[in-house]
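Residue numbers (the numbering used here): -3 to 162.
Report on the structure given below.
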């Protein structure tokens, strides 16, 4: 955890949060969502609204998600990139893990490779959806390259209606 901003109320704090999200430059390359969630649960002892922004590509951290979902009003914001689901048919390419620097070469001209890649991405997305649903965690899917405001508006309108019914 490289930056922790204690929860506060008010417009200036909201603006600070937005500024930090947009301009914070992390020193490390790797991410450990389980560690971040464990830290959250230790530091923030009262129930809070938590926005967890991630591509959810890290190794399984469903246990930490479950604990956070029980303790807080937890909203998962899933950043999705179409390039992480569909491989273009362009021959041999080198893929690099942005966090570890590990590289592998794959032949995208091989139809079976492209199908396996897409199937794996679909399976991962379905597993994540099941985990979030099982733990009563609200989720928003935002796609890179698309305007995020309509998705956010829709999510909060639906959430407001759902919470008003309770």
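Ideal Cβ placement from N, Cα and C applies to all residues, glycine included.
Here the structure is a predicted model, which is why all the values come from computation and not from measurement.
Rounded Cβ spacing between residue i and residue j (contact assumed at less than 8 Å)
| i | j | result |
| --- | --- | --- |
| residue 132 | residue 104 | Their Cβ separation, rounded to whole angstroms, is 39 Å, which puts residue 132 and residue 104 out of contact at 8 Å. |
| residue 90 | residue 99 | 5 Å |
| residue 128 | residue 135 | 5 Å |
| residue -1 | residue 23 | Not confirmed; about 10 Å, so no contact. |
For residue i, the three-state DSSP class (helix, strand or coil)
| i | result |
| --- | --- |
| residue 59 | helix |
| residue 48 | strand |
| residue 42 | coil |
Neighbour-count burial assignment, residue i, 16 or more Cβ in a 10 Å radius
| i | result |
| --- | --- |
| residue 31 | exposed |
| residue 71 | buried |
| residue 148 | exposed |
Minimum C-alpha distance to residue i - residue among the options
| i | options | result |
| --- | --- | --- |
| residue 29 | 42, 48, 13 | 48 |
| residue 62 | -3, 130, 113, 73 | 130 |
| residue 82 | 18, 107, 50, 6 | 107 |
| residue 39 | 22, 67, 53, 112 | 67 |
| residue 50 | 149, 13, 8, 138 | 138 |
| residue 55 | 78, 36, 95 | 95 |
Please specify which runs of the alpha helix (DSSP H), each continuous and at least 4 residues long, are wholly inside the stretch 61 to 135, giving them in chain order. 107 to 130
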